[in-house]
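Accompanying notes for the structure given below.
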Amino acid sequence: MFKKLILKMLSAILVPLFLALSACIIVFMFYIKKYYKYWEKRNVPIESNFFLVNNTYSVFSGKLHFGSFLIKLYQSHPEDPYFGFYILGKPHLFIRCPNVIKRICENHEYFQDRSFFCEERVDPIVSKSVFMARNPEWRDSRQKLNTLFSPAKFKAMVPKILSHCKEMNLSLEQYDNQIIDVQITAESLITNVVSHIFLGIDSQCEYDTNDNVVKTAMKHVFGKGWYQGLAFFVYTFAPKLVKVLKISLIHDDFIKTIVKDVMRSYYDTKDIRGTRVIDILAKNNINIYQESENFFDENWLVGQSSTIVLASFIPMSAFFALSLYELSLNQEYQEKLREEIFGFISDENFDETLESIRNMKYLNMVVAEILRLYPLGDFVNRNCNKDYVLQETGLKVEKGTPIMISVSAIHADPKFFPDPCKFDPGRFENGTKEFERAGVYFPFGFGQRSCLGGRFSLVAIKIALVEVLRKFKFEPCNETERPIMFDNRVINISPINGIKLRITKL
Ligand code: HEM
633 MFKKLILKML
643 SAILVPLFLA
653 LSACIIVFMF
663 YIKKYYKYWE
673 KRNVPIESNF
683 FLVNNTYSVF
693 SGKLHFGSFL
703 IKLYQSHPED
713 PYFGFYILGK
723 PHLFIRCPNV
733 IKRICENHEY
743 FQDRSFFCEE
753 RVDPIVSKSV
763 FMARNPEWRD
773 SRQKLNTLFS
783 PAKFKAMVPK
793 ILSHCKEMNL
803 SLEQYDNQII
813 DVQITAESLI
823 TNVVSHIFLG
833 IDSQCEYDTN
843 DNVVKTAMKH
853 VFGKGWYQGL
863 AFFVYTFAPK
873 LVKVLKISLI
883 HDDFIKTIVK
893 DVMRSYYDTK
903 DIRGTRVIDI
913 LAKNNINIYQ
923 ESENFFDENW
933 LVGQSSTIVL
943 ASFIPMSAFF
953 ALSLYELSLN
963 QEYQEKLREE
973 IFGFISDENF
983 DETLESIRNM
993 KYLNMVVAEI
1003 LRLYPLGDFV
1013 NRNCNKDYVL
1023 QETGLKVEKG
1033 TPIMISVSAI
1043 HADPKFFPDP
1053 CKFDPGRFEN
1063 GTKEFERAGV
1073 YFPFGFGQRS
1083 CLGGRFSLVA
1093 IKIALVEVLR
1103 KFKFEPCNET
1113 ERPIMFDNRV
1123 INISPINGIK
1133 LRITKL
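Read left to right, the sequence shown gives residues 633 to 1138 (my numbering).
As structure tokens, then:
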């Protein structure tokens, strides 16, 4: 009797529960079906109906770097100008064809925002970052930030870069005929240069150690290991989840604290020491603050300053270290470059150095090839702002569609760069313009949203290479990895075991 009663009660609960669950599953299946038909209806080839499950597993498990993953996707559609994929039901478009890429680049009006997005109430600092912001905020911020790299301010940055390079050379002298980790040296150089120029602080980072508080903050600002990968994945493909998962892109509060301290010292002293970029930002803030109280606030300043520091540190360190690595493996190229350097630079006058750097054809070819072989920004993304019809195929790209373009995949396509895995500066004998016009070379992105610090990075790394190669020869040793292993868990290119090379005084 009692048993019967229990069974009756259970069936009274379980049956409706089962029916409700079944109804939910049916509705969910319809929802999935409707969404996953989006590209099919438009005759757009698709990568996979279950993109999130099948293909990203290898990235999340650390087996594959995100850049290599994009190359794989690109290569699996050899004949398609583009293909669609879904993330949590949202249709995304992956563009392969250089002509379509150029069209997107030229039509800023339709593709002015990135797919990244962060609401102000989720993170008031990250949301203000020029990298993340959408229009109209982005336009205002970018205009202000462009003034940081005016010719006069730019010229004032050069002696600072040069002085840190000379300091680095002095420190390297003690390692004559020894093995050093050039990744550590490069990160120290960039820590000193970037913190000096952009924050106005002297980080005093030694060139043979990672033991420095500013360097540690810059290195881990996006978080460590898998957290970094996850954060970028969520910001890129599922920005709505940022709030739910409470993921912040700027992980380390230390960098925010440094920037705020520098800001406070400005407010206290009103001391603008000319070339400090943070002071120039602060000055802009003060001027504009009166006009638009809500926009140029402290969060804006911290957001922009942190973005600039973060956007510089990781790619510039890798750029310098990988240049030394490739020049070590290719001794004839290193010698050729050194000959060019000695042919141009006769004394220590920095003005002459800057002018010479502009005219060093082989140096330009070497750095262009490094940026092709190791695109330090693996991908570029855009959000479609207004319905746009692609002339090539008639496809209507609807407002709100996220667009993905893989820099690494285009740079590694043998159609555009024969024998793409080979380091060959000779590809750029006639410069980079021809490749840029063809839409197949864009290490700093494209159009109005291209990299803010592209020119700065090129000049800084060229100065560093000229300085170090005038004094030292670099060669591979038993500990040199071939090829370099990168940390698959992080979004940027970051050699997981460092880059060990033998250094000899000339
Ligand atoms: C080798 C060094 C660097 C590489 C390869 C690199 C690459 C890139 C790429 C691919 C983008 C995306 C562009 C697009 O969406 O079209 C970008 C954006 C950006 N980069 Fe860099 N970058 C480098 C250094 C720097 C430096 C030194 C700074 C700051 C001084 C900087 C600041 C930025 C900013 C602020 C943006 C966002 C621009 C906007 O949305 O308006 N980057 N960078």
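Using N, Cα and C, we set each Cβ at its ideal position, and we do this for glycine too. From a predicted model like this one, the values you see are computed outputs, not experimental measurements.
- The shortest C-alpha to C-alpha distance from residue 761 to any of 1090, 1087, 938 and 1127 is the one to 938.
- If you check the C-beta of residue 699 against the ligand HEM, you find no heavy atom less than 7 Å away.
- DSSP places residue 995 in the uninterrupted alpha helix (DSSP H) bounded by 993-1005.
- In the three-state DSSP reduction, residue 699 falls in the helix class (H, G or I).
- Comparing alpha-carbon positions, the option among 890, 796, 954 and 754 lying closest to residue 934 turns out to be 890.
- Note that the C-beta distance between residue 1113 and residue 1133 is not below 8 Å.
- When DSSP states are grouped into helix, strand and coil, residue 813 belongs to the strand group.
- The Cβ atoms of residue 815 and residue 943 lie no closer than 8 Å to each other.
- Counting C-beta pairs with one atom in each stretch, the stretch 694-711 and the stretch 1050-1061 have fewer than three that are closer than 8 Å, which means they do not touch.
- The distance from the Cβ of residue 823 to that of residue 847 is about 4 Å, consistent with a contact at the 8 Å cut-off.
- One Cα belongs to residue 778, the other to residue 771, and the distance between them is close to 10 Å.
- Assignment of residue 848 by DSSP, reduced to helix, strand and coil, places it in the helix class.
- Counting along the chain, residue 1013 sits inside the beta strand (DSSP E) bounded by residues 1011-1015.
- For residue 783, the distance from the CB to the nearest heavy atom of the ligand HEM is not below 7 Å.
- Rounded to the nearest whole angstrom, the C-alpha separation of residue 1062 and residue 1070 is 14 Å.
- A direct Cα-Cα distance of roughly 16 Å separates residue 991 from residue 1096.
- Secondary structure of residue 1038 (DSSP, three-state): strand.
- When the five nearest sequence neighbours on each side are left out, the beta carbons in the same chain lying within less than 6 Å of the beta carbon of residue 709 are those of 715, in order along the chain.
- Within 10 angstroms of the beta-carbon of residue 776 lie 16 or more other beta-carbons, which makes it buried.
- As a beta-bridge residue in DSSP terms, residue 1133 pairs with 812.
- Burial check for residue 654: the Cβ neighbour count within 10 Å stays below 16, so the residue is exposed.
- Of the other Cβ atoms in all chains shown, 16 or more fall within 10 Å of the Cβ of residue 972; this residue is therefore buried.
- If you look at residue 726, you'll find it isn't in any alpha helix (DSSP H); it sits in the beta strand (DSSP E) that goes 722-727.
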